[in-house]
Amino acid sequence: MKKLFESVGFEIETKHVKKDSIPQEVDNYAAIVILGGYMSVYQNLPFLEEQQKLIRNANHHQVPLLGICLGSQLIAQALGGRVYKGQRKEIGWFEVKVNNEGRNDIFKGITNERIKVFQWHGDTYELPKSAILLASSNLYPQAFKVGTSIGILFHLEVTHEIIRNWTSNYRLEMTEVGVSTDSILNNKKNEFENLADNCKVVYSNFFKMISKTK
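Our numbering numbers the first residue of the sequence shown as 189 and each following residue consecutively.
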């Protein structure tokens, strides 16, 4: 992901929420991206509330913001939605349906209405009242937009190596839902290629969104 931003000339500032202070002034940023994590939005962790303050500031000042997985849940909660434990975890490859709004927005250029994506989450959300739904699965809303903030619950940015690390670190969670490393990684060449292609499309659209708000 970092390479995608650098390839179009952005300077990257990375903040690790557990050890770095989270900025609240957004004027110096062209855009903000909030990634995932193993924690839940409703846990009493100070850095989660600080991130939600940042989200509200960014949205108020129309700074483009993209939240992935936990990042999308933080956007939903910060802007008036509700995050809660889903009826079951989605871990592995799942089909997501992109609606007309999504195909005219952050997913513009992805020709298929249904795309296979990688998921690793147990929580879901009720969308803020002002949100526009962009994509969904059979179980949950999967992408939405509120002003200049976009939340995507699934992962387009992951690689074979990243997922292998996750499967090594979270074996118990995989066992709980009956998913194996082999079922996730073996014979998935086409899935990874399509994931990478769709990731480039989404970030290209996000870059266009940034250029319009400068």
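In this text, a Cβ means the ideal position worked out from N, Cα and C, and glycines have one as well.
None of these values were measured; they are calculated from a predicted model.
Asked: Residues that DSSP places opposite His343 in a beta bridge; Found: Phe306
Asked: For Thr454, three-class secondary structure by DSSP; Found: The structure shown does not extend to residue 454, since the chain is modelled only from 189 through 402, so no value can be given for it.
Asked: Inter-residue CB distance, Ala264 and Ile398 (contact presumed, cutoff 8 Å); Found: Contact flag wrong, Cβ pair sits at about 22 Å.
Asked: Residues bridged to Pro329 [DSSP beta-bridge criterion]; Found: Ser324
Asked: Segment contact flag, the segment 333–352 with the segment 282–295, C-beta cutoff 8 Å, min 3 pairs; Found: yes
Asked: Nearest residue (CA-CA) to Ser324, options Val346, Ser356, Phe282 and Lys317; Found: Phe282
Asked: Element boundaries [alpha helix (DSSP H), containing Lys190]; Found: Lys190 to Ser195
Asked: Span separating the alpha-carbon of Asn300 from that of Lys277; Found: 25 Å
Asked: Boundaries (first-last residue) of the beta strand (DSSP E) holding Gln275; Found: Arg270 to Val286
Asked: Within 8 Å, strictly: CB atoms of Gly280 and Gln307; Found: yes
Asked: Beta strand (DSSP E) runs contained entirely in the segment 193–232, provided each spans 3 or more residues; Found: 220–222
Asked: Where the beta strand (DSSP E) through Ile256 begins and ends; Found: Leu253 to Ile256
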